[in-house]
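Worksheet for the structure shown next.
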Amino acid sequence: MESLHAGDLVTAHYKTGKYIGEIVEDRGEAFLVKVLAVAKHPQQGDLHNPGQTENVFFHQRKALSYNEKANVSKSAVKAFEGDDVPSYNESLKQSVEKLKEKLQEENTFNQQAKEQLQDLEKQYFH
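Just so we're aligned, residue 1375 is where the sequence shown starts under the numbering used here, counting upward by one.
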């Protein structure tokens, strides 16, 4: 198992998103990770009922903000293997675009997810 320490650059899976960040602190079972970029935007909708739109609360899930800190389970943190950390804004735009591409198939779930993403884009970029 790799040994990670405060100051190391890492990729961290947090909820349904994936981030590039820096370890701030070792907290035993988790690392406190400061977000530097978004590698994968969080999924929209109800995590306990993926793909469902009926009789569920359809959550809008924002990406963690630049420099936001999150406690991430050590098992979900790996050493960053890239050359350069992309800018936060550029990585956020790319992650939103990738998620929109995944939602091309026309169905009720994808339509609701796209609506949530459109609202998030207004919040993020305007």
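Each residue gets a CB set at the ideal place from its N, CA and C atoms; glycine is no exception.
Three-state secondary structure (DSSP) of residue i
i            : result
residue 1493 : helix
residue 1449 : helix
residue 1487 : helix
residue 1519 : Absent from the model: residue 1519. The displayed extent of the chain is 1375 to 1500, so no value can be given.
residue 1390 : coil
residue 1464 : helix
residue 1482 : helix
residue 1473 : helix
residue 1500 : coil
residue 1375 : Low confidence applies here, because residue 1375 scores a pLDDT of 47, under 50, leaving its location unreliable; read the following figure in that light. It is coil, neither helix nor strand.
CB contact below 8 angstroms: residue i versus chain C
i            : result
residue 1390 : Absent from the structure: chain C. Only one protein chain is present.
Beta-carbon proximity list for residue i, same chain, < 7 angstroms, skipping 5 on both sides
i            : result
residue 1498 : 1466
residue 1328 : Since the first and last residues shown for the chain are 1375 and 1500, residue 1328 lies out of range.
residue 1441 : 1408, 1409
residue 1445 : 1401, 1404, 1406
residue 1484 : 1477
residue 1487 : 1418, 1419, 1477
residue 1464 : none
Beta-bridge pairing of residue i - partner residues as DSSP gives them
i            : result
residue 1405 : 1400, 1446
residue 1385 : 1394, 1452
Other residues of its chain near residue i: CB distance less than 8 angstroms, five sequence neighbours each side excluded
i            : result
residue 1443 : 1398, 1406, 1407, 1408, 1409
residue 1375 : Low confidence applies here, because residue 1375 scores a pLDDT of 47, under 50, leaving its location unreliable and the question unanswered by this model.
Under 8 angstroms between C-beta atoms of residue i and residue j
i            : j            : result
residue 1469 : residue 1414 : yes
residue 1386 : residue 1459 : no
residue 1412 : residue 1391 : yes
residue 1434 : residue 1490 : yes
residue 1436 : residue 1473 : no
Spatial neighbours of residue i in its chain, beta-carbon cut-off 6 angstroms, leaving aside the 5 residues before and after
i            : result
residue 1462 : 1411, 1440
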